[in-house]
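J.:
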Amino acid sequence: VAKKSVAAGEAFATIEAVKAVSDVYAPVSGEIIEVNEALRTAPDIVNNDPYGDGWMVKIKMSNRSELDNLLSPQDYKDLIGE
932 VAKKSVAAGE AFATIEAVKA VSDVYAPVSG EIIEVNEALR TAPDIVNNDP
982 YGDGWMVKIK MSNRSELDNL LSPQDYKDLI GE
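Here's what the structure looks like:
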């Protein structure tokens, strides 16, 4: 996998669904060091196991302080009303 630098908030991929194509944004800045190639042939893994086998990329962070800008799981649940 060719390494690619990304900035937090930058679109680095697209997801195609039946009715739409959506960008996927980097949560942190850094270098993409691995891509989950299994998703090319089995994209449903993202929905079925998003916190396990459904990962998209591994990013070697360049600025750990950007983690402070991310939502915790509970903050995200509060945001979407769950």
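Letter by letter, the sequence shown follows residues 932 to 1013 in the numbering used here.
Just so it is clear, CB atoms sit at the ideal spot from N, CA and C, and this is done for glycine as well.
In this text, all values refer to a predicted model and were calculated from it rather than measured experimentally.
Give me the Cβ distance between S960 and A938, rounded to the nearest whole Å; I'm assuming they're in contact under 8 Å.
T.: Between A938 and S960 the Cβ distance is about 5 Å, and since that is below 8 Å, they are a contact.
J.: Counting pairs of beta carbons, one from the region 960 to 971 and one from the region 986 to 999, are three or more of them closer than 8 Å?
T.: Yes, the region 960 to 971 touches the region 986 to 999.
J.: Which one or two residues does DSSP pair with K989 in a beta bridge?
T.: Answer by DSSP bridge pairing, in chain order: E965.
J.: Kindly list the residues whose CB is nearer than 7 Å to the CB of K934, restricted to its own chain and excluding five residues on each side of it in sequence; keep chain order.
T.: Only E962, I963 and I964 meet the Cβ criterion.
J.: Buried or exposed: where does A942 fall if 16 or more other Cβ atoms within 10 Å of its Cβ makes it buried?
T.: Exposed, by the Cβ-count rule.
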